[in-house]
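Working notes, beginning with the structure itself.
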Amino acid sequence: MQPDSAPSSDLIYGLDDRPKPLAATLAALQHVLASFVGIITPPLVIGSALGLTAYLPYLISMALMVSGVGTFIQARRPFGIGAGMICLQGTSFAFLGAVLSAGFLVKQRGGSPEDILAMIFGVCFFGALVQIVLSRFIGQLRRVVTPLVTGIVITLIGISLIKVGITDLGGGFNAPDFGAPGNLALGVFVLLTIILLNRSNTPWVRLSAIIIGLLLGSLAAWFSGKLLPQPLPDLPLVSFPTPFKFGFNFDWTAFLPVALIYLISTIETVGDLTANCMLARQPISGASYISRLRGGVLGDGVSCMIAATFSAFPNTTFAQNNGVIQLTGVASRYVGLYIGAILFCLGMFPMIGAVLQQIPKPVLGGATLVMFGAVAAAGVRILAQSPLDRRSMLIIATSFGVGLGIAAQPNLLHLLPKLVQNLFDSAITSGGLTAIILCLLLPESKIEAAEAHPPLNKIEQA
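My numbering puts the first residue of the sequence shown at 166, with every later residue one more than the last.
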């Protein structure tokens, strides 16, 4: 079965075509441009929130480097690991809330920055095993994590992260000038710039809206005196990855929220891979399709395990790069090898991270506010595409009520065991687990079941 959403002539290079090096490099650079900000932003946000600024250049380098390795694996598909397509691997926003919760858990116990990173990468390493195992059970998994559950969790992720974005827009955590008019003006300027650029009729302007907004915002901050370039730290010219550089630790309280996000991320990856198959004119049914899905999810899991090993945060298949394939007409998996090589090379130079670290908090907040809001909007869109009957509305209402209610009033759990407090004080875990439990307990009609659990050959990416 071939998708009929667009004529085959739309593709300049098909999946197994080999573009010449110049054409492949130009196509790869466009993918890198579309994904660069998405890759580096989570380390910037996590590092700033948890007081890890001394390690930010290294964390950003590893994020780029591991994204390159993961993208290369997805395209090359060694030993059946990977989808064999352009599946750009980038740092996932979905894990931000769970990672920050794990970091704050260690910080509250008096842990050092190294202890924080050891815990984060330890739980993320074992979480990657969850995704690797789930890659063998794609069909069965969709019976548990339905589009309704996915939409609820993604919406809660976005809503939870908006607090981080708006805090940065005001000047950052514990900033002495928090909420100063100058900070607000900078953040709003970046916000409006991104909005206006996204309304452009030029596709590449829209794809580059966030990176242009950050550049213009940094320039405005420099003119207004908010950006005072600091001397760059004494860093090596080239950075080499070190396995478990910060040590390795584990805690069940920190692990369970991360494992839940890996579960949701697996379902998201299935949708992204299906959209990629359609764009590359590959079957979206049958044995080859299922094999590609399993390989792609397995590739995500292996990429996340490599990320945790070399001090990068969890990766996922970036959906926005499907748009680049559609715009360029280049679906060749060999371009994915070039993308991986470019990202890996960028990650070798820690000075890139040191420069990016100097982006003012209000500028970063103006951009992340849009990005985190877009995460919430994506969740709402998934919910809107689900059949919103009485059962679904009850599950949505209860999950949002529990998740957002506990997040707004965490003292509600203060008399319960510490393990329960730490596990359920996150809107994502409390709301997400509520959604999964209710979906399993509340019966649904046969019609509702057919709509909620379509066969894999019916999956389509919105």
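Even for Gly, the Cβ is constructed at its ideal location relative to N, Cα and C. Every value quoted in this text rests on a predicted model; they were computed, and no experiment measured them.
Is it the case that the Cβ atoms of residue 487 and residue 458 are separated by a distance below 7 Å?
Contact: no.
Just to confirm the assignment, what range does the alpha helix (DSSP H) spanning residue 363 have?
Element bounds for residue 363: 346 to 363.
On a CA-only basis, which of 228, 428 and 175 is nearest residue 478? Give me that one, please.
The shortest Cα separation from residue 478 among 228, 428 and 175 belongs to 228.
Say the cut is 6 Å; is the CB of residue 217 nearer than that to a heavy atom of the ligand GDP?
Annotation note on the ligand GDP: not contained in the displayed structure, which lists no ligands.
Apply the 10 Å Cβ neighbour rule to residue 366 and answer buried if 16 or more other Cβ atoms are within range, or exposed otherwise.
Exposed, because fewer than 16 other Cβ atoms sit within 10 Å of the Cβ of residue 366.
Taking the alpha-carbon positions, what's the residue 601 to residue 560 distance?
If you take the alpha carbons of residue 601 and residue 560, they lie about 9 Å apart.
Mind checking whether residue 527 and residue 356 have CB atoms under 7 Å apart?
No.
In chain order, what residues of the same chain have a beta carbon less than 7 Å from the beta carbon of residue 210, not counting five sequence neighbours either side?
So the list reads 261, 329 and 533, once near-sequence residues are dropped.
Cutting at 7 Å between CB atoms, please list the residues of its own chain near residue 529, excluding the five before and the five after it.
Closer than 7 Å at Cβ, skipping near neighbours: 209 and 333.
Between the C-alpha atoms of residue 558 and residue 482, what's the straight-line distance to the nearest angstrom?
Between residue 558 and residue 482, the C-alpha separation is close to 30 Å.
Enumerate in chain order the residues of its own chain whose CB-to-CB distance from residue 577 is below 7 Å, with the five nearest sequence positions on each side excluded.
Contacts found: 571.
Closer than 6 Å by C-beta to residue 564: which residues in its own chain qualify, once you throw out the five before and the five after it? Chain order, please.
The answer, listed in chain order, is 317, 596, 599 and 600.
Expressed to the nearest angstrom, what Euclidean distance is found between the alpha-carbon atoms of residue 512 and residue 407?
Going from the Cα of residue 512 to the Cα of residue 407 covers about 13 Å.
For a test of the three-state rule: what should DSSP assign to residue 485, helix, strand or coil?
DSSP places residue 485 in helix when its eight states are reduced to three.
In whole angstroms, what is the alpha-carbon distance linking residue 288 and residue 423?
If I take the Cα positions, the gap works out to 7 Å.
Would you check if the distance between the CB atom of residue 538 and the CB atom of residue 321 is smaller than 7 Å?
Not a contact, by the Cβ cut-off of 7 Å.
Check for me: the alpha helix (DSSP H) holding residue 203 runs from which residue to which?
Unbroken alpha helix (DSSP H) run through residue 203: 186 to 214.
Are the CB atoms of residue 175 and residue 494 within a distance shorter than 7 Å?
Yes, these two residues count as a Cβ contact at 7 Å.
Closer than 7 Å by C-beta to residue 418: which residues in its own chain qualify, once you throw out the five before and the five after it? Chain order, please.
Taken in chain order, the residues that qualify are 270, 584, 587 and 588.
Would you mind working out which of 544, 456, 281 and 503 sits nearest residue 304, comparing C-alpha positions?
Among 544, 456, 281 and 503, the Cα nearest to that of residue 304 belongs to 456.
Cβ atoms of residue 359 and residue 374: under 7 Å apart, would you say?
A contact, by the Cβ cut-off of 7 Å.
Taking the C-alpha atoms as reference points, what is the distance between residue 214 and residue 524?
So the two alpha carbons sit approximately 14 Å from each other.
Might you give, ordered along the chain, the residues of its own chain that have their beta carbon closer than 8 Å to the beta carbon of residue 331, omitting 5 neighbours on each side?
Counting only Cβ-Cβ distances below 8 Å, and skipping sequence neighbours, we find 530 and 534.
Below 8 Å, how does it come out for the segment 457 to 472 and the segment 236 to 244: are there three or more Cβ pairs, yes or no?
The segment 457 to 472 vs the segment 236 to 244: in contact.
Distance check for residue 349 and residue 307, CA to CA, integer angstroms please.
Those two C-alpha atoms are separated by around 43 Å.
Going by CA-CA distance only, name the one from 253, 246, 337 and 401 that's closest to residue 232.
Here the closest residue by C-alpha is 253.
Buried or exposed for residue 498, please, with buried defined as at least 16 other CB atoms from any protein chain shown within 10 angstroms of its CB.
That one is buried.
Compute the Euclidean distance between the alpha carbons of residue 265 and residue 607, then round it to the nearest angstrom.
Going from the Cα of residue 265 to the Cα of residue 607 covers about 32 Å.
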